[in-house]
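Shown next, in structure tokens, is the structure this report addresses.
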Amino acid sequence: MYLLPLGAVWAPLTSIAQKFSTFDRSKLQIITKTGKHEFIVETAVTDRQHAQGLMFRQSLAKNAGMLFDYKVPTSITMWMKNTFIPLDMIFINNDGKVINVVQRAIPFSENVISSAGKARGVLEVNGGTASRLGIKPGDKILHRIFGNME
Numbered sequence: 003m004y005l006l007p008l009g010a011v012w013a014p015l016t017s018i019a020q021k022f023s024t025f026d027r028s029k030l031q032i033i034t035k036t037g038k039h040e041f042i043v044e045t046a047v048t049d050r051q052h053a054q055g056l057m058f059r060q061s062l063a064k065n066a067g068m069l070f071d072y073k074v075p076t077s078i079t080m081w082m083k084n085t086f087i088p089l090d091m092i093f094i095n096n097d098g099k100v101i102n103v104v105q106r107a108i109p110f111s112e113n114v115i116s117s118a119g120k121a122r123g124v125l126e127v128n129g130g131t132a133s134r135l136g137i138k139p140g141d142k143i144l145h146r147i148f149g150n151m152e
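Using this note's numbering, you'd call the opening residue of the sequence shown number 3 and step up by one each time.
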């Protein structure tokens, strides 16, 4: 029987794990004409987290998502490179107001998806969620980054 030194196994695993960021989770609410919708989101706040996003995920729970926080309003562009699942992208201003909704972004596409204005953040949810919940520009996102939820 041949035994590998522990370092021969551990080092590659550590290297792979270090390439991926971990994300804090928090509550988020979306207020639409159809009501209040509760989500648990992962928050992407660093450049490394922004770059990783939901890449390589095989699935996303129904009321889950990722909230990208860019700290200050700016023109934001996204893409779907290495993203396996279709997503809706909800662009949000500094006050938590939805300014643009892009539905069912195509997995693996490198086409640029734009905020169409200055946005503080982007909420990515499963493709079809915006249509199912009736999320439209003018709707409200409640989350601590917008200062409208604890």
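Heads up, the beta-carbon is just placed ideally off N, CA and C, and yes, glycines get one too.
Residue i burial status per 10 Å Cβ neighbour count (16 or more: buried)
| i | result |
| --- | --- |
| T85 | buried |
| N113 | exposed |
| A132 | buried |
| Q60 | exposed |
| S117 | buried |
| D71 | buried |
Residue i vs residue j beta-carbon contact at 8 angstroms
| i | j | result |
| --- | --- | --- |
| I108 | P88 | yes |
| S33 | L135 | As written in the sequence, residue 33 is Ile, which differs from the Ser given in the question. Taking 8 angstroms as the Cβ cut-off, I33 and L135 do not qualify as a contacting pair. |
| M80 | V124 | yes |
Residues near residue i in its chain [Cβ-Cβ closer than 7 angstroms; skip 5 each side]
| i | result |
| --- | --- |
| K99 | G140, K142 |
Own chain, CB closer than 8 angstroms to residue i, minus 5 neighbours either side, in chain order
| i | result |
| --- | --- |
| L56 | L62, M68, T85, I87, L89, E126 |
| K38 | Q31, I32 |
| R146 | S28, E152 |
When the options are compared against residue i, the one with the closest alpha-carbon
| i | options | result |
| --- | --- | --- |
| G149 | S117, G37, R122 | R122 |
| K35 | R146, I147, I137, F41 | I137 |
| K177 | N65, T76, S111 | Residue numbering for the chain in the displayed model covers 3 to 152; residue 177 lies beyond these limits and cannot be assessed. |
Cut-off 6 angstroms between Cβ atoms - residues of its own chain near residue i, not counting five sequence neighbours on either side
| i | result |
| --- | --- |
| D26 | T45 |
Original post:
Taking one C-beta from the stretch 90–101 and one from the stretch 40–53 each time, how about it: are there three or more such pairs within less than 8 angstroms?
Top reply: Because the criterion of three Cβ pairs below 8 angstroms is not met, the stretch 90–101 and the stretch 40–53 do not touch.
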